[in-house]
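> Order-wise, the sequence lines are chains A and B.
Our numbering puts the first sequence at residues 72 to 569.
Our numbering puts the second sequence at residues 72 to 569.
Note that the Cβ used here is the ideal one computed from N, Cα and C, for glycine as well.
Remember, it's a predicted structure, so these values are computed and weren't measured experimentally.
Got a structure for you, written out below as structure tokens; questions coming shortly.
Protein chains: 2
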Amino acid sequence: MKFGPRGSRHALQLQAVVAILDGNFLSPLTYPNAMDQVLNYVEANRSRYLDELKELIAIPSVSTDPQKKGDVARCADWIAAHLRGIGMQTVQVFATAGHPIVYADWMGAPGKPTVLFYGHYDVQPVDPVNLWTSPPFDATIRGENLYARGTADDKGQVFVHFKSIEAYLKNLGRLPINLKMIIEGEEEIGSEHLEIFVREHKELLKADLVLISDTPMFARGVPSVCYGLRGISYMQLDVTGPNRDLHSGSFGGSVHNPIQALAEMIAGMHDKNGRVTIPGFYDDVRPLSKKERRALSKLPWSDKKYARELGVRALYGEKGFTTLERLWARPTLESNGIWGGFTGEGAKTVLPSKASAKISMRLVPDQSAGKIAKLFQKYIKKIAPKSVQADAIYIHGGEPAVTPIDSPGVKAAVAALEKGFGKKPVYQREGGSIPIVVQFKQILGLDTVLLGFGLPDENAHAPDEFISLENFFKGIRTSVHFFDELPLYMKNGHRRRG
Amino acid sequence: MKFGPRGSRHALQLQAVVAILDGNFLSPLTYPNAMDQVLNYVEANRSRYLDELKELIAIPSVSTDPQKKGDVARCADWIAAHLRGIGMQTVQVFATAGHPIVYADWMGAPGKPTVLFYGHYDVQPVDPVNLWTSPPFDATIRGENLYARGTADDKGQVFVHFKSIEAYLKNLGRLPINLKMIIEGEEEIGSEHLEIFVREHKELLKADLVLISDTPMFARGVPSVCYGLRGISYMQLDVTGPNRDLHSGSFGGSVHNPIQALAEMIAGMHDKNGRVTIPGFYDDVRPLSKKERRALSKLPWSDKKYARELGVRALYGEKGFTTLERLWARPTLESNGIWGGFTGEGAKTVLPSKASAKISMRLVPDQSAGKIAKLFQKYIKKIAPKSVQADAIYIHGGEPAVTPIDSPGVKAAVAALEKGFGKKPVYQREGGSIPIVVQFKQILGLDTVLLGFGLPDENAHAPDEFISLENFFKGIRTSVHFFDELPLYMKNGHRRRG
Chain A
72 MKFGPRGSRH
82 ALQLQAVVAI
92 LDGNFLSPLT
102 YPNAMDQVLN
112 YVEANRSRYL
122 DELKELIAIP
132 SVSTDPQKKG
142 DVARCADWIA
152 AHLRGIGMQT
162 VQVFATAGHP
172 IVYADWMGAP
182 GKPTVLFYGH
192 YDVQPVDPVN
202 LWTSPPFDAT
212 IRGENLYARG
222 TADDKGQVFV
232 HFKSIEAYLK
242 NLGRLPINLK
252 MIIEGEEEIG
262 SEHLEIFVRE
272 HKELLKADLV
282 LISDTPMFAR
292 GVPSVCYGLR
302 GISYMQLDVT
312 GPNRDLHSGS
322 FGGSVHNPIQ
332 ALAEMIAGMH
342 DKNGRVTIPG
352 FYDDVRPLSK
362 KERRALSKLP
372 WSDKKYAREL
382 GVRALYGEKG
392 FTTLERLWAR
402 PTLESNGIWG
412 GFTGEGAKTV
422 LPSKASAKIS
432 MRLVPDQSAG
442 KIAKLFQKYI
452 KKIAPKSVQA
462 DAIYIHGGEP
472 AVTPIDSPGV
482 KAAVAALEKG
492 FGKKPVYQRE
502 GGSIPIVVQF
512 KQILGLDTVL
522 LGFGLPDENA
532 HAPDEFISLE
542 NFFKGIRTSV
552 HFFDELPLYM
562 KNGHRRRG
Chain B
72 MKFGPRGSRH
82 ALQLQAVVAI
92 LDGNFLSPLT
102 YPNAMDQVLN
112 YVEANRSRYL
122 DELKELIAIP
132 SVSTDPQKKG
142 DVARCADWIA
152 AHLRGIGMQT
162 VQVFATAGHP
172 IVYADWMGAP
182 GKPTVLFYGH
192 YDVQPVDPVN
202 LWTSPPFDAT
212 IRGENLYARG
222 TADDKGQVFV
232 HFKSIEAYLK
242 NLGRLPINLK
252 MIIEGEEEIG
262 SEHLEIFVRE
272 HKELLKADLV
282 LISDTPMFAR
292 GVPSVCYGLR
302 GISYMQLDVT
312 GPNRDLHSGS
322 FGGSVHNPIQ
332 ALAEMIAGMH
342 DKNGRVTIPG
352 FYDDVRPLSK
362 KERRALSKLP
372 WSDKKYAREL
382 GVRALYGEKG
392 FTTLERLWAR
402 PTLESNGIWG
412 GFTGEGAKTV
422 LPSKASAKIS
432 MRLVPDQSAG
442 KIAKLFQKYI
452 KKIAPKSVQA
462 DAIYIHGGEP
472 AVTPIDSPGV
482 KAAVAALEKG
492 FGKKPVYQRE
502 GGSIPIVVQF
512 KQILGLDTVL
522 LGFGLPDENA
532 HAPDEFISLE
542 NFFKGIRTSV
552 HFFDELPLYM
562 KNGHRRRG
């Protein structure tokens, strides 16, 4: 790894002298030249930053694939080496029963707030590989974007902060805040071992707030701070009919085809109004306030444009709610996968023994993942016809979360986004889930600031995932400003401004 | 290939002398010793017969798999060489635009009926391979059965007749009838090129009746003659939602999930009474006569035993009909395969762009495969929600067929089965399809005799396919008797007896 031209190291030493003369490390805001220096360094190193990100992307750290376990471990080591290289003080790779967790800190700003940064270096699988325009692990610039698995979710967004930190440490020898970082390798498979790690390292992870960049902005050119996430209950539904695959001619008409039975169950999970039919499913849903519905309705949004962009003639969802309300503030149920019988080329006249589906439910406050999973299992028992056997397995879950809009972290984020992107950000929620946000609140008592630099059409879990180059570089500037702004709003966890 | 011990060749010469002295080839019935000789030869060669069948089974002639094209061709050549070896006069491998067709004949019985034997040497795919107890192409005896792909459907049943023919020709130097044979390689994929072949070789294929062994007996120990087959219309249904795979969190609740839409369509294809809901589906169904319903109700059958044997707690099907009626005389609709989204290990939160299913309908007289396919396509257009695109592709079809119970061929088959198995056979229909039966009727004007030696639980299209060893050897004896009996009922296509 290389870090910047020779000149910047010289500037760094100079800046260190200034700081020492001053007797304290002050916010660079009080030294406009220092801030310029940090931001100029970012500008001067754009091309190297991208080269390094490509190197990180090239490691196929697909956490769900047992065969990629070595790659996932290699990715953790790469991250650790990189964090050492940019100047983090402590860097340690923690082994877990699953994939490793990288911890790093820089604690050289006594009296200043401590940020706990969280990100993940694992990525989603890349199938179907043939639908990628360029190889999924070979980051490629096309137009205004960088395409590859992990560019948006989450390697690219994690890297935004790495480069902001580097710019500070290489130029000023310090950060305006104290920083702890955990970068995990199991986000895409439910963060199973992270929770144990957090519980076991409460003291190590003590901080004032959590910072995460793993969400999309509201739209291209619309910087956004995200204050809410949906939770998830992820299930697998296995339907077994006859005890073996049968000839569909010789047996068709005598037994319940498990594909048909599964289809009947899935079809019955929504009513005519697009509502989920599981009894009790909506019981704990916190209703949308009039104020929030008004705020959401003011966001720049067009159903027509959205439908056109997704290539569908009509949208679909729960009646009585707008699209944004359905995406952010209403629970949903989706089939993520289905399989059974003959799925190859040609024709095979089989009446299969089994059919299965992966089904996940997105949750909103105050639903609970475990409770919803139980309701699902109870419902399956109720609706499964006697002619088949149906088993619902709870694969993983995460709780929904909402962070107060008037918290110091959110305020600092708003100020930083305005400086980084040159325009006022909007407040938004996200339909996806980051279960760890809930755990940080529950275990460490910390609110999370969601500073997302992705885009809604970034194909996070699909072929041709990308990050906007503009967002990547403006994201780095925003990160620089966030670290700079935060002490103005918060001192050791207490509010200063606003 | 080896054919019999030296002694039998000697006997053959002797028998030929007798025949020549007699001035004509008479039915062996008139020479009880000749018949004994043929049957004794079968008994004496049981072990070699099985070894040869294993050799045939070992060729993985999976017609639907483009990568197995070479194996399919090799299998055709093996069949041709074998038919030459057992003494067929003319043997020729016809190339087609698909897989080859093997033709053979023995026309040395002028004035006697001509049988057109049809069989197929191609087999179904073997996936899921891990569910096979022994390797699918390594024929293995366990208990009373021989297990491997193709043992029942149809290599094993074809081989039954090869060995009966061999026993005649090696011992007596002649058959009691004239025999033409076509063994094709595309039965499992719709016999596309066989129909063209039959149309182009009407003169070559001229005969008095068609003989096929590709059906199961009613039950183990219950020899059966089959007088009816269902037809088939095989469709693929593709449902497309958004133009790319989406993150199910970020997008769930806004668009119609194509898995869900597909499930809704499949679920809607049957009503609460298990009837197919496609408008017009039952219009051309020939109602069951009271006489046939009575006959069916007398067959040894237990729903309870059937359900237990298949491992289901309850049977399923069209209300108002018995299981046998539903299987044999009522049309049905089955999902043969379904796929979409993430189907691997673990969890992927995708809202897929596409989901597909293979759906086939079994038809009875007087439904037409093409018409039903059109009704299906029209129905899909009608029920597909606006929020997705649905395309129904007609993959292949075959018409249903029923052969009169009092035809000479069926009568000869009944007599032969009684001698071969030592008990009176039952009359049955079959739920499966042999489209070529309809084409033989339409193109050549021939009725088909269905002399099946399989079993209902033979796993024809599933792992652990088998043929009963008892049925294999009694089948050979039945074939010997069928060739012997036929001239008594039919002379050049005209009835003699009964």
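#1: Buried or exposed: Lys362/A, going by 16 or more other Cβ atoms within 10 Å of its Cβ?
#2: With 8 angstroms set as the bound, which would you pick, yes or no: does the beta-carbon of Thr549/B sit closer than that to a beta-carbon of chain A?
#3: Alpha carbon to alpha carbon, how far is Ser406/A from Leu246/A? Give it in angstroms, no decimals.
#4: Please classify Gly441/B as buried or exposed, where buried requires at least 16 neighbouring CB atoms within 10 angstroms.
#5: Can you find at least 3 beta carbon pairs, one from the segment 432-447 of chain B and one from the segment 410-422 of chain B, that sit closer than 8 angstroms?
#6: Would you mind reading off the limits of the alpha helix (DSSP H) that contains Glu396/A?
#7: For chain A, is any of its Cβ atoms less than 8 angstroms away from the one on Asn542/B?
#8: State whether the segment 475-489 of chain A contacts the segment 325-341 of chain A, with contact taken as three or more CB pairs (one from each stretch) at a distance under 8 angstroms.
#9: Please determine, among Asp528/A, Lys139/A, Asp535/A, Ser478/A, the residue with the shortest C-alpha to C-alpha distance to Leu557/A.
#10: Between which two residues does the beta strand (DSSP E) harbouring Ile208/A extend?
#11: Name, in chain order, the residues that DSSP records as bridge partners for Arg500/B.
#12: Cβ of Glu508/B less than 8 angstroms from any chain A Cβ?
#13: Does any residue of chain A bring its CB to less than 8 angstroms from the CB of Pro534/B?
#14: Using C-beta distances below 7 angstroms, list every residue in its chain close to Asp374/A, excluding the 5 sequence neighbours before and after it, in chain order.
#15: Going by DSSP, what residues sit across from Pro479/A in a beta bridge?
#16: Is Gly584/B close to chain A? Criterion is C-beta to C-beta, closer than 8 angstroms.
#17: Over the uninterrupted alpha helix (DSSP H) stretch that includes Met336/A, give me the two end residues.
#18: Would you mind sorting Asp225/A into buried or exposed? The rule is 16 or more other CB atoms within 10 Å of its CB.
#19: Tell me the rounded alpha-carbon separation between Lys425/A and Ile337/B.
#20: Within the 8 angstroms Cβ cut-off, does Leu317/B reach chain A?
#21: Does any C-beta atom of chain A lie closer than 8 angstroms to the C-beta of Gly244/B?
#22: Leu434/B and Pro471/B - do their beta-carbons sit closer together than 8 angstroms?
#23: Helix or strand or just coil, what does DSSP make of Gly78/B?
#24: So, with DSSP's three-state summary, where would you put His552/B?
#25: Quick one: grab the DSSP three-state call for Gln160/B.
#26: If we cut at 8 angstroms on Cβ distances, does Tyr305/B have a partner in chain A?
#27: I want to verify the contact list: residues of chain B whose CB lies under 8 angstroms from the CB of Pro358/A, in sequence order.
#28: Note down the Cα distance separating Gly292/B from Pro371/B, rounded to an integer number of angstroms.
#29: Would Gln228/B pass as an interface residue toward chain A - the criterion being a Cβ-Cβ separation below 8 angstroms?
#30: Could you check the C-alpha separation between Asp489/A and Pro496/A for me, to the nearest Å?
#31: If you draw a straight line from the alpha carbon of Gly469/A to that of Ile303/A, how long is it in whole angstroms?
#32: With a threshold of 16 other CB atoms inside 10 Å of the CB of Gly411/A, please say whether the residue is buried or exposed.
#33: Short check: CB of Phe492/A to CB of Thr549/A, under 8 angstroms?
#34: Looking only at C-alpha atoms, which of Leu154/B, Trp149/B, Ile454/B, Lys234/B sits nearest to His552/B?
#35: Report the start-end ranges of each beta strand (DSSP E) in the segment 215-279 of chain A that is 3 residues or longer and not cut off at the edges.
#36: Could you tell me whether the Cβ of Lys419/A comes closer than 8 angstroms to any Cβ of chain B?
If we stick to the structure as given:
#1: Per the 10 Å Cβ criterion, exposed.
#2: Thr549/B does not count as touching chain A.
#3: Counting only the Cα atoms, Ser406/A lies some 45 angstroms from Leu246/A.
#4: Gly441/B comes out exposed.
#5: At 8 angstroms Cβ cutoff, the stretches do not touch.
#6: Run containing Glu396/A: 394-400, per the alpha helix (DSSP H) assignment.
#7: No - not a single Cβ of chain A is within 8 angstroms of the one on Asn542/B.
#8: The answer is no - the segment 325-341 of chain A does not touch the segment 475-489 of chain A, with fewer than three Cβ pairs under 8 angstroms.
#9: The shortest C-alpha separation from Leu557/A is found at Ser478/A.
#10: Per the sequence shown, residue 208/A should be read as Phe rather than Ile. Secondary structure note for Phe208/A: it is in no beta strand (DSSP E), with a DSSP letter that is neither H nor E.
#11: In the DSSP secondary-structure assignment, Arg500/B is bridged to Gly299/B.
#12: According to the sequence provided, residue 508/B is Val. The question's Glu does not apply to it. No, Val508/B does not count as interfacial toward chain A.
#13: Answer yes: the Cβ-Cβ gap between Pro534/B and chain A drops below 8 angstroms somewhere.
#14: Excluding residues within five positions, the ones whose Cβ falls inside 7 angstroms are Leu386, Thr394.
#15: Answer is none; Pro479/A lacks a bridge partner.
#16: In the structure as shown, chain B begins at 72 and stops at 569. Residue 584/B is therefore absent and cannot be evaluated.
#17: 329-338 is the span of the alpha helix (DSSP H), which, as asked, contains Met336/A.
#18: Buried, since its Cβ has 16 or more Cβ neighbours within 10 Å.
#19: C-alpha separation (whole angstroms): 16 angstroms.
#20: So yes, Leu317/B belongs to the interface.
#21: It does not; no Cβ of chain A falls within 8 angstroms.
#22: A contact, by the Cβ cut-off of 8 angstroms.
#23: With a pLDDT of only 30 at Gly78/B, under 50, the local geometry of the prediction cannot be trusted, and the value read off the model is given with reservation. Gly78/B falls in the helix class under three-state DSSP.
#24: Reduced to three states, the DSSP call for His552/B is helix.
#25: Correct three-state label for Gln160/B: coil.
#26: True, the Cβ-Cβ gap to chain A drops below 8 angstroms.
#27: Ordered by position in chain B, no residue passes the 8 angstroms Cβ test against Pro358/A, which lies about 16 angstroms from the chain.
#28: The straight-line gap separating the alpha-carbon atoms of Gly292/B and Pro371/B is approximately 11 angstroms.
#29: Taking Cβ atoms only, chain A never reaches closer than 8 angstroms to Gln228/B, which makes this a no.
#30: According to the sequence displayed, residue 489/A carries Glu and not Asp. For Glu489/A and Pro496/A, the distance between alpha carbons rounds to 6 angstroms.
#31: Their Cα atoms are separated by approximately 5 angstroms.
#32: It is buried - the Cβ of Gly411/A has at least 16 other Cβ atoms within 10 Å.
#33: Yes, these two residues count as a Cβ contact at 8 angstroms.
#34: That would be Lys234/B, whose Cα lies nearest to the Cα of His552/B.
#35: Contiguous beta strand (DSSP E) elements confined to the segment 215-279 of chain A occur at 216-218, 249-255, taking only those with 3 or more residues.
#36: Chain B, which has a Cβ nearer than 8 angstroms to the Cβ of Lys419/A, makes this yes.
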